[in-house]
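Chemist: Encoded as structure tokens, here's the structure I'll be asking about.
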Amino acid sequence: MRTRAKLAAVSALTGALALTALAAPAAQAVDSGTPYTLDVSFSNFKIASAIKVGTTNEVSAKVSYTLTHGSGVDITADDFFTDAFIYRGSYDDSTNEIYDHDFSTCTTTSSTTATCTGSVDIGPAEGDLTNADAGTWHAAAEATAFNGQDPSSSSIDYSKVGYKDQGGLASTLVQRYSKLTVNAGPEPVYKGKTVTSTGKLSRANWEDGQYHGYTGQPVKLQFRKAGSATYTTIKTVTSDSTGNLKATATATYDGYWRFSFAGTSTTPAVNATGDYVDVK
114 MRTRAKLAAV SALTGALALT ALAAPAAQAV DSGTPYTLDV SFSNFKIASA IKVGTTNEVS
174 AKVSYTLTHG SGVDITADDF FTDAFIYRGS YDDSTNEIYD HDFSTCTTTS STTATCTGSV
234 DIGPAEGDLT NADAGTWHAA AEATAFNGQD PSSSSIDYSK VGYKDQGGLA STLVQRYSKL
294 TVNAGPEPVY KGKTVTSTGK LSRANWEDGQ YHGYTGQPVK LQFRKAGSAT YTTIKTVTSD
354 STGNLKATAT ATYDGYWRFS FAGTSTTPAV NATGDYVDVK
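Throughout, my numbering is defined as the position within the sequence shown, counted from one, plus 113.
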């Protein structure tokens, strides 16, 4: 599957095929041989531990990796390409894959190694993700050497094309971007009286492009005394069926009230901006 995807992507660079036209190279490969296993391997893969994705803006996660190759592989050739991607599920039977818009750029570090850099570009508004995709993804890399073969040709000899891919290089969390609000009052409030804080915990819905309440989640009510830089947890409450929050506490000092969410594997941690309450 990844061989077909990459051959299609390289063909797109020549203007011969669109990136999504995966079937044509596959059909040619049947008639004109199968790519041989390219003498390369990948290691030292680095990617952010978590990628936070909202509803509209494309998110680009930088990646880097070491490409090690045999002496017979010319990674400086114009028709040599390598890139990285992330996949959901098992490598041999992934449920989703996301690539870069461009190929990686490699800098030679020795006669057989290079450091390659690129990115993984996620477009939530383009349907790259469903809500079920939130969670752990794994990283992979691949390389193709056309060795003078023209990928736009109908008579390309694929047996002369080298290809290698490798999964399980790293892992990352792809998370549904979260938002958290707070409104504390009354303002001002008399010392010893009750301060009520209300707010909402919500997260991106990749399927309808909106933010919806994150229900049944533990959220901390925190207070920071005026003049201090440290928040202290007062109590923990749970978001209701629409993500709404409500917590009460006793007014003692002037200061800032906020809600704080620790995050989950599918949704990142977030703090509300503190709301100042003057105590009389």
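A virtual CB, placed ideally from N, CA and C, is assigned to each residue, including glycine.
Predicted model only: the values in this text are computed from it and were never measured.
Does Ala161 come out as helix, strand or coil in the three-state DSSP assignment?
Modeler: By one-based count along the sequence shown, residue 161 stands at place 48. Coil at Ala161, not helix or strand.
Chemist: Can you give me the C-alpha to C-alpha distance between Lys359 and Val350, rounded to a whole angstrom?
Modeler: Locating residue 359 in the sequence shown gives position 246, counting from the first residue. Locating residue 350 in the sequence shown gives position 237, counting from the first residue. About 7 Å.
Chemist: Could you compute how far the alpha carbon of Gly236 sits from the alpha carbon of Glu255?
Modeler: As a first step, residue 236 is located in the sequence shown; it is residue number 123 there, counting from the start. As a first step, residue 255 is located in the sequence shown; it is residue number 142 there, counting from the start. The straight-line gap from Cα to Cα measures roughly 21 Å.
Chemist: For Phe155, which beta-bridge partners are listed by DSSP?
Modeler: On the sequence shown, position 42 is the one that residue 155 refers to. Its beta-bridge partners are Leu180.
Chemist: Which of the three DSSP states is assigned to Ala139 in this structure?
Modeler: Locating residue 139 in the sequence shown gives position 26, counting from the first residue. Bear in mind that the predicted position of Ala139 carries a pLDDT of just 40, short of 50, making it unreliable; the figure below should be weighed with that in mind. In this structure, Ala139 counts as helix in the three-state DSSP scheme.
Chemist: Give the DSSP-derived three-state secondary structure of Ala245 in the structure shown.
Modeler: The count along the sequence shown starts at 1 and reaches residue 245 at position 132. It is helical.
Chemist: May I ask you to list the residues that DSSP assigns as paired with Glu255?
Modeler: Here residue 255 refers to the residue found at position 142 when the sequence shown is read from its first residue. Answer by DSSP bridge pairing, in chain order: Asp196, Asp278.
Chemist: Which whole-angstrom value is the C-beta distance of Val153 and Lys277, which I expect to be below 8 Å?
Modeler: Walking along the sequence shown from the start, residue 153 turns up at place 40. Walking along the sequence shown from the start, residue 277 turns up at place 164. The pair is a contact, with the Cβ atoms about 5 Å apart (cut-off 8 Å).
Chemist: So if DSSP puts Trp250 in a beta bridge, which residue, or which two residues, is it bridged to?
Modeler: Locating residue 250 in the sequence shown gives position 137, where the first residue counts as 1. BP columns for Trp250 point to Thr285.
Chemist: Give the C-beta separation of Leu180 and Ala238 to the nearest angstrom, bearing in mind that I take them to be a contact with Cβ-Cβ under 8 Å.
Modeler: On the sequence shown, position 67 is the one that residue 180 refers to. On the sequence shown, position 125 is the one that residue 238 refers to. Not really, about 32 Å apart at Cβ, beyond 8 Å.
Chemist: With H, G and I counted as helix, E and B as strand and the rest as coil, what does DSSP make of Pro237?
Modeler: By one-based count along the sequence shown, residue 237 stands at place 124. Three-state DSSP puts Pro237 in a helix.
Chemist: Am I right that Asp367 and Ala342 are in contact with their C-beta atoms under 8 Å? What's the rounded C-beta distance?
Modeler: The residue labelled residue 367 in the question sits at position 254 within the sequence shown. The residue labelled residue 342 in the question sits at position 229 within the sequence shown. In fact, because the Cβ distance is near 15 Å, the residues do not count as touching under 8 Å.
Chemist: Below 8 Å, how does it come out for the region 259-270 and the region 278-294: are there three or more Cβ pairs, yes or no?
Modeler: Judged by Cβ distances under 8 Å, the region 259-270 makes no contact with the region 278-294, as fewer than three pairs qualify.
Chemist: Indicate whether Ser378 and Gly202 have their beta-carbon atoms separated by less than 8 Å.
Modeler: One-based indexing of the sequence shown puts residue 378 at position 265. One-based indexing of the sequence shown puts residue 202 at position 89. Cβ atoms of Ser378 and Gly202: not closer than 8 Å.
Chemist: So for Ala134, helix, strand or coil by DSSP?
Modeler: In the sequence shown, residue 134 corresponds to position 21, counting from 1. Bear in mind that a pLDDT of 30 at Ala134, under 50, signals an unreliable position, so the number given afterwards is only what the model happens to contain. Here Ala134 sits in coil by DSSP.
Chemist: Do the region 283-296 and the region 311-320 touch if we need at least three Cβ pairs shorter than 8 Å?
Modeler: Touching, per the Cβ criterion.
Chemist: Let me know if His251 comes out buried or exposed under the rule of 16 or more other beta-carbons within 10 Å of its beta-carbon.
Modeler: Numbered from 1 along the sequence shown, position 138 holds the residue referred to as residue 251. The residue in question, His251, is buried, as its Cβ has 16 or more Cβ neighbours within 10 Å.
Chemist: For Asp205, is the classification buried or exposed, using 16 other Cβ atoms within 10 angstroms of its Cβ as the cut-off for buried?
Modeler: Along the sequence shown, read from residue 1 onward, the residue named residue 205 stands at position 92. When all chains shown are included, Asp205 counts as exposed.
Chemist: Am I right that Asp213 and Ala197 are in contact with their C-beta atoms under 8 Å? What's the rounded C-beta distance?
Modeler: Walking along the sequence shown from the start, residue 213 turns up at place 100. Walking along the sequence shown from the start, residue 197 turns up at place 84. About 7 Å; that satisfies the 8 Å criterion.
Chemist: Can you check whether the CB of Phe158 is closer than 8 Å to the CB of Tyr178?
Modeler: Translated into the one-based positions of the sequence shown, residue 178 becomes position 65. Translated into the one-based positions of the sequence shown, residue 158 becomes position 45. For Tyr178 and Phe158, yes; Cβs fall inside 8 Å.
Chemist: Please go through the same chain and pick out, in chain order, the residues whose beta-carbon is closer than 7 Å to the beta-carbon of Gln330, but skip the five residues on each side of it.
Modeler: Position 217 of the sequence shown, counted from the start, is the residue given in the question as residue 330. Excluding sequence neighbours, Gln330 sits near Leu314, Thr351, Ser352, Phe374.
Chemist: Here's the rule: buried if 16 or more other CB atoms are within 10 angstroms of the residue's CB, otherwise exposed. What is Tyr303?
Modeler: Stepping through the sequence shown from its first residue, residue 303 is reached at position 190. It counts as exposed.
Chemist: Considering only residues of the same chain and omitting the five flanking positions on each side of Lys393, which have a CB-CB separation below 8 Å?
Modeler: Counted from its first residue, the sequence shown places residue 393 at position 280. Cβ within range, chain order: Pro301, Val302, Tyr303, Lys304.
Chemist: Have a look at Thr363, Ser232, Ala382, Ala364 and flag the residue whose alpha-carbon is nearest the alpha-carbon of Phe372.
Modeler: The residue given as residue 372 occupies position 259 in the sequence shown. Out of Thr363, Ser232, Ala382, Ala364, Ala382 has the C-alpha closest to the C-alpha of Phe372.
Chemist: Would you kindly check if the distance between the Cβ of Leu242 and the Cβ of Val172 is under 8 Å?
Modeler: By 1-based counting over the sequence shown, the position of residue 172 is 59. By 1-based counting over the sequence shown, the position of residue 242 is 129. Not in contact: Val172 and Leu242 (Cβ atoms no closer than 8 Å).
Chemist: How would you label Ala253, buried or exposed, when you count the other beta carbons within 10 angstroms and need 16 or more for buried?
Modeler: On the sequence shown, residue 253 is found 140 positions in, with the first residue counted as 1. It counts as buried.
Chemist: What do you reckon, are the CB atoms on Asn296 and Gly322 nearer than 8 Å?
Modeler: Here residue 296 is taken as the residue at index 183 of the sequence shown, counted from 1. Here residue 322 is taken as the residue at index 209 of the sequence shown, counted from 1. No, the Cβ-Cβ distance between Asn296 and Gly322 is not below 8 Å.
Chemist: For a quick check, are the C-beta atoms of Thr285 and Thr361 less than 8 Å apart?
Modeler: Translated into the one-based positions of the sequence shown, residue 285 becomes position 172. Translated into the one-based positions of the sequence shown, residue 361 becomes position 248. No, they are not a contact pair.
Chemist: Less than 8 Å between the beta carbons of Gly376 and Gly356, yes or no?
Modeler: For the purposes of this step, residue 376 is taken as the residue at position 263 of the sequence shown. For the purposes of this step, residue 356 is taken as the residue at position 243 of the sequence shown. Against a cut-off of 8 Å, the Cβ pair of Gly356 and Gly376 comes out as no contact.
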